[in-house]
Amino acid sequence: MSAFTAVKVLASGPFAGRSSSGDKAAASAWIGSSSCRILRPFHPHQPFSSVSSSSPSILRPIQAVSSSDVLSSKIEPNSPLSNLLITREEALDLYEDMVLGRSFEDMCAQMYYRGKMFGFVHLYNGQEAVSTGFIRLLKKEDSVVSTYRDHVHALSKGVPARAVMAELFGKATGCCRGQGGSMHMFSAEHNLLGGFAFIGEGIPVATGAAFTSRYRREVLKEANCDYVTLAFFGDGTCNNGQFFECLNMAALWKLPIIFVVENNLWAIGMSHLRATSDPEIWKKGPAFGMPGFHVDGMDVLKVREVAKEAIGRARRGEGPTLVECETYRFRGHSLADPDELRNPDEKARYAARDPIVALKKYVIEHNLATESDLKAIEKKIDEVIEEAVEFADASPPPPRSQLLENVFADPRGFGIGPDGKYRCEDPGFTQGTAEV
Ligand SMILES: Cc1ncc(C[n+]2csc(CCOP(=O)(O)OP(=O)(O)O)c2C)c(N)n1
Ligand SMILES: [Mg+2]
C-alpha cells in the first residue's frame, strides 16, 4: 500500500468520473489546454511579462492529474502491443543505468567503511527509477541540479563512474578535481550543475538555468535552444521557502523546468506525514498554475512516462511541471546513520518493490531481453565499478597549490599573494590552523 491514496483525477477537473484508462490522454489534453498565455516583448524589469487571455486564475479549473498506474492501465501486460511501450534498446539502457547506480552506491559504502572517503556520504539505493526515468530522456545540453544525494544523478547524466569515484576519494582526477567531494558533484561538460548540501539551495540555481534557456531562445534568438532543466530534491525540502518562490517564478515566466520531488517519506528521522500540513506535494503545482503529477517512483516505466510528458511540455515552451515521485531509500540517511528509526515493516514493504527487480521482471516477461542479456549488463557494470575504484585509488591527490582555488570569487583577494603565488605555497601559511 502506498503511503498516500493516489487521487487519479481531481473531482473538480473536467475529467472527473473518467475511467483510469483515459488518464494519460486526459492528462495530455488537460495540460495542453493550460497554455493560454500571450508573451510580450522582453523588458529588462519584467522579463517574459505575460498576460492571461483567460479570466483570473480563481475562475480557472484546477490543473492536476495524478499518473499512478498510467502504464498498467494503458495496455494489458500480455497484449502483443505491450512491447511498444518501450524498445529493447531503451529497456536495456534503463536497466544498465539503474544497475550502475545501485552497484556504484554499494561500492561507495564499502570504500567509505574502508576509510577511502571522508565527510558525509548519502546513498541513493532504492530511488534509481527516478534518476533513470527522468535523466535518460535528456539531451546533453539539458541541465540537472541535484542535492547531496547526487552520485547517481551524475552517473545517469553521463559523468564517467571513474570521475565520480575519484571525486569521492578526494583525488585530482575527480569531476571537481577532488575539491567537491560527495555532496558537490559538478560537471560543466555534462551540464550537471551541482550537488548542493543545503536543502533547497539547488532549486533557485535550476530556476536560473531554465531562465537562461528561455532567454537564449527568445531574447538572443537562438531558435534551437529548447533545453530543459531538471531540479531534483526531497520531500523534506518542500517546506522550504525557496521551493515556493521558485515555483512562482517558474510559472510566472513559463520556464522550461521540471521540479522533481523524490518523496522517500523521510527527512533524516522526520516522517513526511508528521512534518507537512498537506503531504500530497504534487498538489502544490496547481496552486501555482502548473500541472502536478504524483507517480510511483519505484516503477521506472511509470516515472519515464510522466517524465516524457513533462519534459516535452517544457521543450515546447509550455512551462514548468511539478512531479512528485513516491519512492524509498533502502539505506540510512547517510552512511553515518544506523537507520534505527524507520519501522522494519515499512522497510520490508518497499524492499519488495525494488525498482531494479521490477524492471528485470518486466523485461523478461515482455521478451525484451533474456536473463543472460541482463547478466551480461551486470557483469559489464561490475567491471566499470572495479575500474573506477582502481582509477580513483591510483590517482594523485590535488596539488597543494589548488587548496584555495574556487574558494573565493577573487582569488587575488585572499589566496594569491602580491608575488602572484598562492599564499598556501608558503609552508608557514596554514601553520596552527590545518595540516596541508
Ligand atoms: C537549509 C538546510 N537545513 C537543514 C539541513 C539539514 N538536513 C540535511 S538533510 C535534511 C533532510 C532533507 O530531507 P529530504 O529533502 O526529504 O531529502 P532526503 O534526504 O530524504 O533525500 C536536513 C534537514 C540542511 N542540509 N540544509
Ligand atoms: Mg526525503
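Position 227, counted from 1, in the sequence shown is what the UniProt record's numbering calls 227; the numbers after and before it change by one each time, with no gaps. For each residue, glycine too, the CB sits at the ideal point set by N, CA and C.
TODO: Compare the Cα-Cα distances from residue 197 to each of 181, 188, 95, 209 and report the closest residue.
DONE: 181
TODO: Step through the CB atoms of chain B and report whether any lies within less than 7 Å of the CB of residue 376.
DONE: The structure shown has no chain B; it contains just one protein chain.
Open item on the list: ligand 2 and residue 266: does any heavy atom of the ligand fall closer than 6 Å to the residue's C-beta?
Closed with: yes
Task: DSSP-derived helix/strand/coil call for residue 228 - done: coil
- [ ] Within its chain, find whatever has a CB closer than 7 Å to the CB of residue 336; leave out the 5 residues flanking it on each side and keep chain order.
- [x] 120
- [ ] Quick one: using the 10 Å Cβ neighbour count with 16 as the cut-off for buried, is residue 256 buried or exposed?
- [x] buried
TODO: Quick one: grab the DSSP three-state call for residue 187.
DONE: In this structure, residue 187 counts as strand in the three-state DSSP scheme.
Task: residue 200: CB within 6 Å of a non-hydrogen atom of ligand 2 - done: no
Open item on the list: Between which residues of its own chain and residue 44 is the CB-CB distance below 6 Å, once the five residues before and five after are set aside?
Closed with: Note that residue 44 scores a pLDDT of 30, beneath 50, so its modelled location is shaky; the value from the coordinates is reported in the next line. Once the five neighbours on either side are set aside, residue 44 has no close Cβ partner at all.
Task: Rounded C-alpha distance that separates residue 403 from residue 116 - done: 20 Å
Task: Length-filtered (4 minimum) alpha helix (DSSP H) runs lying within the segment 361-418 - done: 371-394, 411-414
Task: Same chain, Cβ closer than 6 Å to residue 143, neighbours up to 5 away in sequence not counted - done: 191, 193, 209, 229
- [ ] Could you pull out every residue in the same chain whose Cβ sits closer than 8 Å to the Cβ of residue 130, ignoring the five residues on either side in sequence?
- [x] 232, 260, 262, 297, 303, 325, 327
Open item on the list: Excluding the 5 residues flanking residue 431 on each side, which residues of the same chain have their C-beta closer than 8 Å to its C-beta?
Closed with: Because residue 431 sits at a pLDDT of 48, beneath the cut-off of 50, its placement in the model cannot be relied upon, and the point is left open.
Task: Residues that DSSP places opposite residue 439 in a beta bridge - done: Nothing about residue 439 can be reported from this structure: the residues present for the chain run from 1 to 436 only.
- [ ] Confirm the yes/no value for this check: CB of residue 331, any heavy atom of ligand 1, distance under 6 Å.
- [x] no
Task: Short Cβ contact (7 Å threshold) for residue 97 with residue 132 - done: yes
Open item on the list: Given the structure, does residue 339 come close to ligand 2, in the sense that its CB is under 6 Å from one of the ligand's heavy atoms?
Closed with: No - ligand 2 has no heavy atom lying nearer than 6 Å to the Cβ of residue 339.
Task: Straight-line Cα distance separating residue 159 from residue 370 - done: 28 Å
TODO: Would you list the one or two residues that DSSP bridges to residue 100?
DONE: DSSP, once it has assigned bridges, lists no residue as partnering residue 100.
TODO: Indicate the three-state DSSP secondary structure (helix, strand or coil) for residue 93 in the structure shown.
DONE: helix
Open item on the list: Is residue 149 close to ligand 4? I mean its beta-carbon at under 6 Å from any heavy atom of the ligand.
Closed with: As for ligand 4, it is missing from this structure, which binds only ligand 1 and ligand 2.
Task: Boundaries (first-last residue) of the alpha helix (DSSP H) holding residue 153 - done: From DSSP, the alpha helix (DSSP H) with residue 153 extends over 151-156.
Open item on the list: With a threshold of 8 Å, are at least 3 pairs of Cβ atoms found where one atom belongs to the segment 278-287 and the other to the segment 335-349?
Closed with: Short answer: they don't touch.
- [ ] Using 6 Å as the cut-off, classify the Cβ of residue 446 as near or not near the heavy atoms of ligand 1, replying yes or no.
- [x] The structure shown does not extend to residue 446, since the chain spans only 1 to 436, so no value can be given for it.
- [ ] With a threshold of 16 other CB atoms inside 10 Å of the CB of residue 118, please say whether the residue is buried or exposed.
- [x] Sixteen is the threshold: since fewer than 16 other Cβ atoms of the shown chains lie within 10 Å of the Cβ of residue 118, the residue is exposed.
Open item on the list: Using a Cβ-based criterion (distance less than 6 Å to any ligand heavy atom), does residue 235 qualify as near ligand 2?
Closed with: yes
Task: DSSP state of residue 276 mapped onto helix, strand, coil - done: coil
Task: CB contact flag (residue 246, residue 204, <7 Å) - done: yes
Task: Start and end residues, beta strand (DSSP E) containing residue 300 - done: No beta strand (DSSP E) contains residue 300, which is instead part of the alpha helix (DSSP H) from 300-315.
Task: Where the beta strand (DSSP E) containing residue 292 begins and where it ends - done: 292-296
- [ ] Using alpha carbons as the reference points, say which of 195, 276, 219 lies closest to residue 240.
- [x] 276
Open item on the list: For residue 185 and residue 146, which I take to be in contact (beta-carbon distance under 8 Å), what is that distance rounded to the nearest angstrom?
Closed with: 7 Å
Open item on the list: Quick check on residue 199: does DSSP put it in helix, strand or coil?
Closed with: If DSSP states are grouped into helix, strand and coil, residue 199 belongs with coil.
TODO: Go through its chain and collect everything with a Cβ distance to residue 126's Cβ below 6 Å, but skip five positions before and after it.
DONE: 328, 329, 330
Task: First and last residue of the uninterrupted alpha helix (DSSP H) at residue 131 - done: Here the alpha helix (DSSP H) through residue 131 covers 128-135.
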